[in-house]
Structure formats: C-alpha cells, structure tokens
Amino acid sequence: MNVGAVPAGEKPTFGKLVAPQLYAPNHQHFFCVRMDTNVDGSNNSVLEEHTVALPAGPENPYGNAFYVQSTLLTTEQEAQQDTDPHSAKTWKVINPEVLNPVTGEPVSYQLMTGNNALPFAQDSSSYLQRAGFTKHHVWVTPYHPDERYPAGDYPNQHAGGAGLPAWTQANRSIEGTDIVLWHTIGVHHVARIEDWPVMPVTSTGFMLRPNGFFTQSPALDVAPPMNHDEHCNHQ
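The opening position of the sequence shown corresponds to residue 1381 in the numbering used here, with each subsequent residue numbered one higher.
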C-alpha cells in the first residue's frame, strides 16, 4: 500500500492507521472488461433482469412471492446500468434469432457480477474526467474497431470525456446487432491493520454463465470417473 506519516496521537480522516504514526489512505481500484460477444451468431441484444417482490395480498398470502422482470435494452444510454442488491439486477446477452427448443426463449449468456463499488470522486476531479467509464458497472455499444479502450486511447493526455462517455452520446442502437459488453469492476479498499506490512491477496471478478443456452445441464455429458481398481487392472 501507499502509506504516509501522521503526527503522534492523530487519527487520519481519509485513511486508516496501520502502524504507529503510519496510515494508508482510502482508495479504489477500477477495472473494465471489454467483451465482444458472439452468442450463437453476431446479432445479439441485452436483457436487463431484476427481481420484483409481489405485494402482500390474495396472490401472495404468505408474503414471500417474487418474479423476474425482463427489459430489452435498445440504445447505448439505456444500457448504462449499475448493480443493485435490492433487485438482484443482472444482464443477459441474447440472440433473438435463435430460440432454445425447451423454453422457446432466446439463447443467452448471463453476466454474473461480484462485489462492486462506484467511484466516490467528484465529476470535477481529474480522475473522473478521464475515467468516466467508472460511473457505471455495465455499458453496451455496437461494435466499432476503433473503440477498444473504455477511457479512450490516451487518458493521461486528453482533456477528459473520451472513451465510453463520448461514444455513447450518439445513443446508437444496440438491438439485434454485433455488440460489445463492457463490465466495470470497482474494488473499494479501506485499509486494515492486517494489510500491513504484507498485504494479503484481494480477489475480484465476474462470471459469464449459460442461461437457456443448452437444453440440459452440460455436466450430463461429462464422462464418469474411472474406477481406480479397473484402472489398476488395465496396467
């Protein structure tokens, strides 16, 4: 960690003490993953799904019923989305032209987000002007070969606003086309005394999992494990 010194007896406001008169400032790490999707073909779309609790009443006598509501994201600005634990929000990349024979719904892969955070920097900060992609956890753009880096080509040199914030101002269509899914991961690090002087590993990430892509569990095609006794007999 990047540490600094403080006077004896002083408790830092913007960080945590990790040793006598030594503190580590509060900070965040951000990563953005660019995924040029191709789910059963190049014409893809994105569904936002969130869970809705049914109000108590005759249709929900025990007060524990809930359902999933799906919304097709049709433009870049609609697709600027954030995680929400209150609604278990998630996103699916679908191919509307290919239907699952069991469900009759489009085949899809689902973005499974992990722990995440949004930036605490102000819009006027140099950081947020150059890394505006961190304002949202999910972005979707139509594929363009020149749009490769979420902060633009030269984030330390440009005046700000380049990359995803600039591209999505056009509010292009992202429905049934070759799309790119961008996932921003924010790691919020408020230091612990256990992080110093040797910081343990901190992990983060996400997962893409099939959701209605196959007709059954893919694990059913896995060969059974070889019996150890049979293996020895074959030697």
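All C-beta atoms in this analysis are idealised placements derived from N, C-alpha and C, irrespective of residue type, glycine included. Quantities reported herein were computed from a predicted structural model and do not represent experimental measurements.
Let me know the secondary structure DSSP gives residue i once reduced to three states.
| i | result |
| --- | --- |
| Gln1408 | strand |
| Gly1532 | coil |
| Asp1462 | coil |
| Leu1544 | helix |
| Pro1566 | Note that residue 1566 corresponds to Gly in the displayed sequence, not to Pro. Note: Gly1566 maps to strand in three-state DSSP. |
| Ala1468 | coil |
Nearest-angstrom Cα distance between residue i and residue j?
| i | j | result |
| --- | --- | --- |
| Ala1603 | Gln1596 | 16 angstroms |
| Glu1555 | Met1415 | 16 angstroms |
| Val1398 | Ala1571 | 8 angstroms |
| Gln1537 | His1524 | 22 angstroms |
| Gly1395 | Val1413 | 29 angstroms |
| Tyr1403 | Val1578 | 14 angstroms |
Taking the Cβ atom as the reference point for each residue, do residue i and residue j lie within a distance shorter than 8 angstroms?
| i | j | result |
| --- | --- | --- |
| Asn1424 | Ile1573 | no |
| Gly1592 | Glu1485 | yes |
| Gly1384 | Pro1405 | yes |
| Ala1459 | Thr1431 | no |
| Asp1575 | His1517 | no |
| Ala1501 | Leu1508 | yes |
Please list, in chain order, all residues of the same chain as residue i whose beta carbon is under 6 angstroms from its beta carbon, the five residues on each side excluded.
| i | result |
| --- | --- |
| Asp1464 | none |
| His1407 | His1569 |
| Thr1454 | Glu1555 |
How many whole angstroms separate the CB atoms of residue i and residue j, which I take to be in contact at a CB cut-off of 8 angstroms?
| i | j | result |
| --- | --- | --- |
| Ile1565 | Phe1586 | 7 angstroms |
| Leu1561 | Val1419 | Rounded, the Cβ-Cβ distance is 10 angstroms, inconsistent with contact. |
| Val1487 | Asn1480 | 5 angstroms |
| Ala1531 | Ala1539 | Not confirmed; about 13 angstroms, so no contact. |
| Thr1514 | Glu1456 | About 17 angstroms; that fails the 8 angstroms criterion. |
| Gly1494 | Thr1582 | In fact, because the Cβ distance is near 12 angstroms, the residues do not count as touching under 8 angstroms. |
Residues in its own chain within less than 8 angstroms of residue i by CB, not counting five upstream and five downstream?
| i | result |
| --- | --- |
| Pro1580 | Glu1574 |
Leaving out five residues on either side along the sequence, give the residues of the same chain with a beta carbon under 7 angstroms from the beta carbon of residue i.
| i | result |
| --- | --- |
| Val1473 | Thr1417, Val1419, Asn1424, Val1426, Ser1488, Tyr1489, Leu1561 |
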